[in-house]
Amino acid sequence: MAKLWQEMGLLASEYDKIVNIMGREPNYTELSMFSVMWSEHCSYKHSRPVLGTFPTTGPQVLQGPGENAGVVDIGDNQAVAFKIESHNHPSAIEPFQGAATGVGGIIRDVFTMGARPIALLNSLRFGSLDNDRVKYLFDGVVSGISWYGNCIGIPTVAGEVYFNDSYAGNPLVNAMCVGLLNHDDLKKGVASGVGNPVMAIGARTGRDGIHGATFASEELSDKSEEKRPSVQVGDPFMEKLLLEACLELIRSGAVIGMQDMGAAGLISSSCEMATRGGSGMIMDVAKVPRREEGMEPYEVLLSESQERMLVIPRKGKEQIVEEIFNKWGLEAAVIGHVTDDGMLTIMEGDKIAAQVPATALTEECPVYRPEAKEPEYLSRVNAFSAQDLPLPKDCSEVLLSLLASPSIASKEWVYRQYDYMVRTNTVIGPGSDAAILRVKGTNKGIAVTTDCNSLYCYLDPFTGGAIAVAEAARNLVCSGAKPLAVTDCLNFGNPEKPEIYWQFKEAVAGMSEACKRLSTPVVSGNVSFYNETNGGSVYPTPVVGMVGLVEDLDHRCSMDFKEEGHLIFLLGQTKPELGGSQYLSVIHGKDMGKTPSLDLETEAAVQGCCLEAIKQGIVVSAHDCAEGGLAVAAAESAISGAIGCSININTKMVPHELLFSESQSRIIITVAPENVEKLKTTANKFDVNFEQIGTVGGSTIEMTVSEELQISVSLETAASNWREAIACKLT
Amino acid sequence: MKFGVVVFPGSNCDTDVKYAIETVLKQPVDYLWHQEGDVAGYDCLVLPGGFSFGDYLRIGAIARFSPIMKSVEQFAGNGGLVIGICNGFQILLEAGLLPGAMKMNDSLQFRCQDAYLKIENNETAFTNKIMPGHILRVPVAHGEGNYYADESMVAELERNGQIVFRYSSSEGVVVPEANPNGSTANIAGVINKEGNVLGMMPHPERCAETLLGGEDGKLIFESIINWHQGGGKRG
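Respectively, the protein sequence lines represent chains A and B. First residue of the first sequence? That's 73 in the working numbering, and the numbers climb one at a time after it. First residue of the second sequence? That's 268 in the working numbering, and the numbers climb one at a time after it.
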């Protein structure tokens, strides 16, 4: 066996632990099982202790982390299940299938909970669009998401796309799914009840994706291309059938628990279900329907063939399961049964192929607390001051350049390829601060968003992590929703490097603090480490997916300016904070400075004020000030509303600082003149800074700072810069 | 008036059509599973959008052999109203119930966006409630909606009033820029010669409520109901 464990990615100490647990040397099949289950991807061995610091409880939480998806209450006996997950490494090698199967996997995680998937989101990061391979990756990822989501008929309603050189070789593809369920239909991934059958359902098992989880736990290199066979191939049609059949099965009451056979396939689903149920399982690999001849037991166990589920029905209900699956033209095979010995016993016919305690693969995996060390680059980049740079000659030009920079520009090129309307619930689709889906039969809406400014995290992971949470909540509030809970996708480099681990710990600490203050616990999530290419790490990117509730759809809000004569107000305060701004990054090519500060009390007050004003029905548009600052936010609201604006602010700051500073906790809202008094009362109640900064109207975007006209661009020019930038880059 | 919504494996706008008919228009409606053979008792059959059989082989090519399609053909042959939306339109083309064929969008990409539709014939069973000159705003969402017919077929369709909708500007001008997929003569929907089978790429069920951004799609369903009640010009 010498060195075999090494090839499978295990450490000597880990191998020793395995021998110790087993009381003997593991055979090849058993060793394979350990190698995938103890991979970073499945075991979270480097992240578990840190993840334990997230707040995870609250009166709204019906299911926190540890299940296939988190679940929160939305009243009326209804709930939403949601989770985000990464598919970065497969997408770096084979962008179309890598992204597509990422979408497929996250959908399964949601419907196994008994929820009907109602929305997809995705958070994407790529290198610069000037690079041809990046263009290929970007186009491939977007078409893969489009292909899978459109075919299965779940609308892709929101998300984000950023471009930065740190992602050139290692794009990030994080997919999120949100589902709706009744409390009574909530199902968990549990195997219990001795003698209950274990069934493999859906697609047949092939040799695809073997050791995919191990592949996801390594850095990428020039040799990664050789791992192309580790990328699975998706079939959204099969998944559509599986989705309908599983939901029908859950409603039939015949099922105890089910789980997706995702990363590490049959082995991970079976040992996790047995662990949660405190049970064991005996399974015969010979009974697993296969698409290839002559597969070894370890291949059947580790295969990551897509669109497969492991289902535990009640004994005697196998017939119901078969009938439902026959109707949908799917295979369902009994491959074993639940036991009470805590062992995962794998048979091949009448021969034992492997026998391992279920918890040895899950709970007994070693946990690491690697060294954390503040990276050296920080003092250098933080010391940078924007004051050393020349003043911009023309702020109009700056605004147009920012609007045309791919990270800020309209993502219409992306989302017009996604069916964002199917299921006829989309009240506000992609392009606004958050998307809103109505809940049929009620007057409620569910608002969803994903957020992360990784440049802030690179400059200060603690504050950057906190801002990701604050901004997600702010986006939901801008749409009229009360933020409920978080799912996170933590994308970092190699955690065995002390600098990376430090970034990870800091980001989680910052996120936790913000989650606590804003009462948005973390209910599900995913960690993706080893996002490095040939030794270079991506920017720390802790993506926050957040779900909120619009209690009354009559009081929803969107970002677009609506009518001539409406007054523009700024909630919150602009400070001279150009550090980490898109102004520095795009105009001066400097990813430097100090991340904008975040005061969570101010943040909570601004959000509280905005939400209450929306509920009072006095806010006609609301838009978060984010990348590009006040100038870009106002321009986006004007372009989206196809109506100009005139901004006029007096300040002690230099004009470009005021216009492009990315100070946090700011929202631009518009109100009709007759409602100004009401707004004043509400702002005072929350003790929030608010200032009238302009009026809506005309066909130009004008911004005057301290009596001097700084920006004057026609709406048409601004709109074409913003709308056409990404398409232009691709042709 | 009773509607039947045909459900193929992979249909995904079936629930949307049912919701629009049942909840918005308050009409009785049932799902009809593709393996069923009986469509007796229905007044209008809807073939909804989606990816029947995963769009494998060629779009609509497998669905057209589903057992229910024999009944749909008979139903249409007896003058019953049939409307195919998006994938439903594609299936009707494959089944030979409508003339022409479908190609991939010129952009080679899926497109989801609002489209403006000029009504070329508002005297059909499906358009009789649309006022002359009213330009509809209805979403499209497809990768393969590039309707093709050769010149002589287009001339014949025009002669017979079979071109029902064309993509246009919001003012109703039929221009290439308004065409989301490159279809011949901006065609968005056609009807058979007999006037009882309509195929359209845009999705009327997606815009039957103001909450979703518009009610223009409702006019299609209201026209069908009106026709069934004896309204509209005939013959």
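Don't be surprised by glycine CBs; every beta carbon is placed ideally from N, CA and C. If you're wondering where the values come from, they're calculated on a predicted model, not measured in any experiment.
Bridge pairing for T776 (chain A): A:N720 and A:L781 [DSSP]. For A317 (chain A), the uninterrupted alpha helix (DSSP H) run begins and ends at P308 to S324, by DSSP. Relative to the Cα of G281 (chain A), the nearest Cα in the group A:L258, A:G501, A:H159 and A:V499 belongs to A:H159.
For A408 (chain B), the C-beta contacts it makes with chain A under 8 Å involve N222, D491, M493 and V494, in order along the chain. In this structure, the beta-carbon distance from I402 (chain B) to Y383 (chain B) falls below 7 Å. At a cut-off of 7 Å between beta carbons, P447 (chain B) makes no contact with chain A. In the three-state DSSP reduction, L209 (chain A) falls in the helix class (H, G or I).
Burial state of Y208 (chain A) is exposed, judged by a 10 Å Cβ sphere holding fewer than 16 other Cβ atoms. Of all residues in the region 506-519 of chain A, only R510 and K512 place a beta-carbon less than 8 Å from a beta-carbon of chain B. Of all residues in the region 301-323 of chain A, only D307, P308, F309, M310, K312 and L313 come within less than 8 Å of chain B when Cβ atoms are compared, listed by chain position.
Judged by DSSP in its simplified three-state form, G439 (chain B) adopts coil rather than helix or strand. Here M185 (chain A) is buried: its Cβ has 16 or more other Cβ atoms, across all protein chains shown, within 10 Å.
Put simply, the backbone Cα of S319 (chain B) is about 6 Å away from that of F275 (chain B). Just measuring C-alpha positions, the residue of A:V768, A:E578, A:A705 and A:Y655 sitting nearest I739 (chain A) is A:A705. Three or more Cβ pairs drawn from the region 377-395 of chain A and the region 329-340 of chain A lie within less than 8 Å of each other, which places the two stretches in contact. Contact with chain B is absent for V233 (chain A), since none of that chain's Cβ atoms lies less than 7 Å from the residue's Cβ.
The three-state secondary structure of Q764 (chain A), taken from DSSP, is strand.
Residue pairing by DSSP puts K423 (chain A) in a beta bridge opposite A:E420. Residues V439 and R441 of the same chain have their beta carbon placed closer than 7 Å to that of P121 (chain A), with the five preceding and five following residues left out of the count. Given a length threshold of 3 residues, each whole run of the beta strand (DSSP E) inside the region 129-173 of chain A is given here in chain order: 133-135, 142-147 and 150-158.
Burial is judged here by how many other beta carbons sit within 10 angstroms of a residue's own beta carbon; Y492 (chain A) has at least 16 and is buried. Exclusion of the five residues before and after Q782 (chain A) leaves C467, P727 and M775 as the residues of its chain whose Cβ lies within less than 6 Å of its Cβ. Straight-line measurement puts the Cα of N427 (chain B) at about 17 Å from the Cα of N453 (chain B).
Residues of the region 327-340 of chain B with a Cβ closer than 8 Å to any Cβ of chain A: none.
In the DSSP annotation of this structure, the continuous segment of the alpha helix (DSSP H) that includes P121 (chain A) starts and ends at R120 to L123.
G355 (chain B) places its beta carbon less than 7 Å from that of P315 (chain B). Just so you know, the alpha carbons of P361 (chain A) and I798 (chain A) end up roughly 45 Å apart. Under the 8 Å Cβ criterion, the region 575-585 of chain A does not count as touching the region 542-555 of chain A, having fewer than three qualifying pairs. Within the same chain, Cβ atoms closer than 6 Å to the Cβ of G481 (chain B) are found at R404 and C474, the five residues on either side in sequence being excluded.
Around the CB of M398 (chain B), fewer than 16 other CB atoms lie within 10 Å, so the residue is classed as exposed. Along the region 459-492 of chain B, the positions whose C-beta sits under 7 Å from a C-beta of chain A are E472, R473, L478 and L479, read in chain order. Closer than 7 Å to the CB of R378 (chain B) there is at least one CB belonging to chain A.
Ranking B:R378, B:I430 and B:T477 by CA distance to the CA of A455 (chain B) puts B:I430 first.
Beta-bridge analysis with DSSP links P614 (chain A) to A:L562. For Q575 (chain A), the three-state secondary structure derived from DSSP is helix. At a cut-off of 7 Å between beta-carbon atoms, F275 (chain B) makes no contact with chain A.
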